[in-house]
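There are 2 protein chains.
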Amino acid sequence: MQTELSRRLGIEHAVFGFTPFPAVAAAISRAGGLGVLGAVRYTAPGDLARDLDWIQDHADGRPYGLDVVMPAKKVEGVGEADVEALIPEGHRQFVEDTLARHGVPELAEGETAGWRITGWMEQVARGQLDVALDYPLALLANALGSPPADVIARAHERDVLVAALAGSARHARKHADAGIDIVVAQGYEAGGHTGEIATMVLTPEVTEAVAPLPVLAAGGIGSGEQAAAALALGAQGVWLGSVWLTTAEADLHSPALTRKLLAAGSGDTVRSRALTGKPARQLRTAWTDAWDDPAGPGPLPMPLQGLLVADAVSRIQRYEVEPLLGTPVGQIVGRMTSERGVQEVFDDLTRGFERAVARLDRIAGRP
Amino acid sequence: MQTELSRRLGIEHAVFGFTPFPAVAAAISRAGGLGVLGAVRYTAPGDLARDLDWIQDHADGRPYGLDVVMPAKKVEGVGEADVEALIPEGHRQFVEDTLARHGVPELAEGETAGWRITGWMEQVARGQLDVALDYPLALLANALGSPPADVIARAHERDVLVAALAGSARHARKHADAGIDIVVAQGYEAGGHTGEIATMVLTPEVTEAVAPLPVLAAGGIGSGEQAAAALALGAQGVWLGSVWLTTAEADLHSPALTRKLLAAGSGDTVRSRALTGKPARQLRTAWTDAWDDPAGPGPLPMPLQGLLVADAVSRIQRYEVEPLLGTPVGQIVGRMTSERGVQEVFDDLTRGFERAVARLDRIAGRP
Numbered sequence: 407m408q409t410e411l412s413r414r415l416g417i418e419h420a421v422f423g424f425t426p427f428p429a430v431a432a433a434i435s436r437a438g439g440l441g442v443l444g445a446v447r448y449t450a451p452g453d454l455a456r457d458l459d460w461i462q463d464h465a466d467g468r469p470y471g472l473d474v475v476m477p478a479k480k481v482e483g484v485g486e487a488d489v490e491a492l493i494p495e496g497h498r499q500f501v502e503d504t505l506a507r508h509g510v511p512e513l514a515e516g517e518t519a520g521w522r523i524t525g526w527m528e529q530v531a532r533g534q535l536d537v538a539l540d541y542p543l544a545l546l547a548n549a550l551g552s553p554p555a556d557v558i559a560r561a562h563e564r565d566v567l568v569a570a571l572a573g574s575a576r577h578a579r580k581h582a583d584a585g586i587d588i589v590v591a592q593g594y595e596a597g598g599h600t601g602e603i604a605t606m607v608l609t610p611e612v613t614e615a616v617a618p619l620p621v622l623a624a625g626g627i628g629s630g631e632q633a634a635a636a637l638a639l640g641a642q643g644v645w646l647g648s649v650w651l652t653t654a655e656a657d658l659h660s661p662a663l664t665r666k667l668l669a670a671g672s673g674d675t676v677r678s679r680a681l682t683g684k685p686a687r688q689l690r691t692a693w694t695d696a697w698d699d700p701a702g703p704g705p706l707p708m709p710l711q712g713l714l715v716a717d718a719v720s721r722i723q724r725y726e727v728e729p730l731l732g733t734p735v736g737q738i739v740g741r742m743t744s745e746r747g748v749q750e751v752f753d754d755l756t757r758g759f760e761r762a763v764a765r766l767d768r769i770a771g772r773p
Numbered sequence: 407m408q409t410e411l412s413r414r415l416g417i418e419h420a421v422f423g424f425t426p427f428p429a430v431a432a433a434i435s436r437a438g439g440l441g442v443l444g445a446v447r448y449t450a451p452g453d454l455a456r457d458l459d460w461i462q463d464h465a466d467g468r469p470y471g472l473d474v475v476m477p478a479k480k481v482e483g484v485g486e487a488d489v490e491a492l493i494p495e496g497h498r499q500f501v502e503d504t505l506a507r508h509g510v511p512e513l514a515e516g517e518t519a520g521w522r523i524t525g526w527m528e529q530v531a532r533g534q535l536d537v538a539l540d541y542p543l544a545l546l547a548n549a550l551g552s553p554p555a556d557v558i559a560r561a562h563e564r565d566v567l568v569a570a571l572a573g574s575a576r577h578a579r580k581h582a583d584a585g586i587d588i589v590v591a592q593g594y595e596a597g598g599h600t601g602e603i604a605t606m607v608l609t610p611e612v613t614e615a616v617a618p619l620p621v622l623a624a625g626g627i628g629s630g631e632q633a634a635a636a637l638a639l640g641a642q643g644v645w646l647g648s649v650w651l652t653t654a655e656a657d658l659h660s661p662a663l664t665r666k667l668l669a670a671g672s673g674d675t676v677r678s679r680a681l682t683g684k685p686a687r688q689l690r691t692a693w694t695d696a697w698d699d700p701a702g703p704g705p706l707p708m709p710l711q712g713l714l715v716a717d718a719v720s721r722i723q724r725y726e727v728e729p730l731l732g733t734p735v736g737q738i739v740g741r742m743t744s745e746r747g748v749q750e751v752f753d754d755l756t757r758g759f760e761r762a763v764a765r766l767d768r769i770a771g772r773p
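Top to bottom, those sequences are chains A and B. Using the working numbering, read the first sequence as starting at 407 and increasing by one per residue. Using the working numbering, read the second sequence as starting at 407 and increasing by one per residue.
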């Protein structure tokens, strides 16, 4: 699975694997893809440095990348406390009522919330970058619009390619104008923040809109047949996130959540604002139902919702309260039915890709 | 573009074209695909016979098919008037208020509503079948679940293959159990009634669920690259509907609607219950906005909504009231940017398919 872009990056397969787990990222790179570590959960720069050291030591010299969540627009002098103050009391009460209804215990004294999306705050993301750009990254991706111009310049000085996620051709064109190198076209069926346009329609639109920039297709891709489909649509590679969540190398810290992922069908996700305030695809749970219920107060805009629910999500995860327990994941969750190692996922991907190409050759009447 | 199914049907390309226009259906069959006439708008059996005669005379002896909307469950002794009586007065008033706000004129005296979805009523669909099964149909498709067992048997007696649309693997399995021959897997991005699962995820799920029955992929397919993607996912053919709406052979009776379709982007559709009471993808208009507005009464369930809005939609179309003017269409509308003849669409499809296969061969390192 070799494209112009995979050759440029020196990887064997044009498969880009996004994951919050260093062990998965390193395994993806070892298997011949490009492991991309999600940075959003790292609030302490030291933690990120520790995990990048680990990847560096375990990637067998193969390239890897980092994914940050950095807003292009800077909001001067606004800290977490200022934002917290904007959260209405009724919403806080709704969180407590929902947790109480499901008997979710408080965190023990001294136990801190593990789940905290503060990486979207520019000062946090910049701290991550200061750490990360000391490592030999092959790719820096931004999940929230184009990165600021100075960040793109710093990456380019170090020969780091810059990618940005887009859910429409218009967004993709803005990224291209900002000077990025790769667009990740994120379809409706993808896990996490998504737009309304499905991968089948979005990929060729974005490819045409930003040509000759390379495009990675994201959303609905978990098999080699799906990778072949995405490459047929003009992508120069595929961007997979969900499929790694149930690999042996992943560490969800929750057997109950792993069980839910393995049992879920493709219809068991929902695009909801319950987690961050922006529409993000995730497992449908009693938690997303509560926020999507017209009788409730409804989610706050980003970034308020993420701050509002951070402690609650930590408590739900810590105590594995099954009806509320969820995670961002794409519709491909329906095909994640058994735990595999990362290398096994790659073997399945390449075999499925070969099968699909041979099938198309037959349909086209090629020898 | 030859699959086992296309060979069985004796067509040159595994392209199935759904259209309400006899001239488009015949042109699709002449171009080497299978033209499938949508029957839902025919209330008088004589009109359907006239148009099937026309197709028979203009298809150059190539095979063609018919698409009906027939409920599997029979509701005994319920006529249109009984159903009309269930519509609340407040909803009728909302229709009139919405039309008045946009200055939509009444139909002239003696002018009858042209738009009327009554084909979903079993007695109407059975009348269509009595007419249609006298013609040498190659395919009978049902857009609303599995057809009743006796209809499948009548079709099979005449060597007519029976297809049914499905938006999930579960629905597809029910169709297979009912004895149909082909499943049309209709993805989220498709025009008309759709589920939530995107084509990229749905196609392989349905293919695996009903194997060895052949599957046609529908939703998001308008180019040869998209056809190649769908076939890579395991489909034995592609089912296209939206793309024909702006062909030279189509007759929308509304230059304004054609202009709207040619101008619309992939983000300009919405999955709304405004037209039939079931979620159907269509152009987003002031009409869909009014029904999707939480402040309004909201759509009634099928079949009430279709009856409620029939006259209103006819008036909107008759007078081309642009803000309200819409039609079912998929996200692929963003790529329908110029009028082409049906043969030209086929030429583009086959060229794009060849390009995509050659591209995948290169990526796979094949000679």
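Virtual Cβ for every residue (Gly too), placed ideally from N, Cα, C.
Helix, strand or coil at residue i [DSSP, three-state]
i, result
"B/PHE427", "coil"
"A/ILE417", "coil"
"A/ALA572", "strand"
"B/ILE434", "helix"
"B/VAL590", "strand"
"B/LEU458", "helix"
"B/ASP556", "helix"
"B/THR653", "strand"
"A/ALA623", "strand"
"A/GLY516", "coil"
"B/GLY671", "coil"
"B/ARG485", "The question names Arg, yet the displayed sequence has Gly at residue 485 of chain B. Coil, per DSSP."
"A/PRO734", "strand"
Extent of the continuous alpha helix (DSSP H) to which residue i belongs
i, result
"B/GLN723", "710 to 724"
"A/ILE769", "748 to 769"
"B/VAL501", "495 to 507"
"A/ALA800", "Residue 800 of chain A is absent from the structure shown; chain A starts at 407 and stops at 773."
"A/VAL442", "Segment 440 to 444 is the beta strand (DSSP E) holding A/VAL442; no alpha helix (DSSP H) there."
"A/ALA686", "Counting along the chain, A/ALA686 falls outside any alpha helix (DSSP H), though it belongs to the beta strand (DSSP E) covering 686 to 689."
"B/VAL537", "528 to 538"
"A/ASP466", "Neither: A/ASP466 is in no alpha helix (DSSP H) and is coded neither H nor E."
"B/ASP699", "Element bounds for B/ASP699: n/a, residue is neither H nor E."
Under 9 angstroms by beta carbon: chain A residues contacting residue i
i, result
"B/ALA634", "ALA634, ALA635, ALA638, LEU639, LEU766, ILE769, ALA770"
"B/PRO700", "PRO700"
Contact list for residue i against chain A, beta-carbon separation under 7 angstroms
i, result
"B/SER574", "GLY673"
Interface partners of residue i on chain B, CB under 9 angstroms
i, result
"A/THR664", "Within 9 angstroms Cβ-Cβ: nothing; A/THR664 doesn't reach chain B, min ~21 angstroms."
"A/GLY740", "ALA575, ILE603, VAL607, GLU611"
Residue i: contacting residues in chain B (beta-carbon distance under 7 angstroms)
i, result
"A/GLU631", "PRO610, ALA638, LEU639, GLY640"
"A/GLY626", "ALA604, MET606, VAL607"
Element boundaries [beta strand (DSSP E), containing residue i]
i, result
"A/THR605", "Element bounds for A/THR605: not the beta strand (DSSP E) but the alpha helix (DSSP H), 605 to 616."
"B/ALA547", "545 to 548"
"B/ASP473", "470 to 474"
"B/LEU646", "643 to 646"
Test: residue i CB closer than 9 angstroms to a CB of chain E
i, result
"A/PRO707", "Protein chains in the displayed structure are A and B, and chain E is not among them."
Identity of the residues DSSP links to residue i by a beta bridge
i, result
"A/SER678", "A/ALA686"
"B/LEU567", "B/LEU545"
"A/HIS599", "A/ALA686"
Residues in the segment 581 to 608 of chain A having any Cβ partner in chain B nearer than 8 angstroms: For the segment 581 to 608 of chain A, which is checked against every Cβ of chain B, the residues closer than 8 angstroms are GLY593, TYR594, GLU595, GLY601, GLU602, ILE603, ALA604, THR605, MET606, VAL607, LEU608.
Check distances from the C-beta atoms of the segment 742 to 772 of chain B to those of chain A and list, in chain order, the residues that come in under 8 angstroms. Answer set for the segment 742 to 772 of chain B: PHE759, GLU760, ALA762, VAL763, ARG765, LEU766, ASP767, ILE769, ALA770, GLY771, ARG772.
If contact means a Cβ-Cβ distance below 9 angstroms, which residues of the segment 709 to 738 of chain A contact chain B? Residues are counted here when their Cβ sits less than 9 angstroms from a Cβ of chain B; for the segment 709 to 738 of chain A these are GLY736, GLN737, ILE738, given in chain order.
Within 7 angstroms of chain B by C-beta, residues of the segment 407 to 424 of chain A in sequence order: Within the segment 407 to 424 of chain A, contact with chain B at the beta-carbon level (separation under 7 angstroms) is assigned to MET407, GLN408, THR409.
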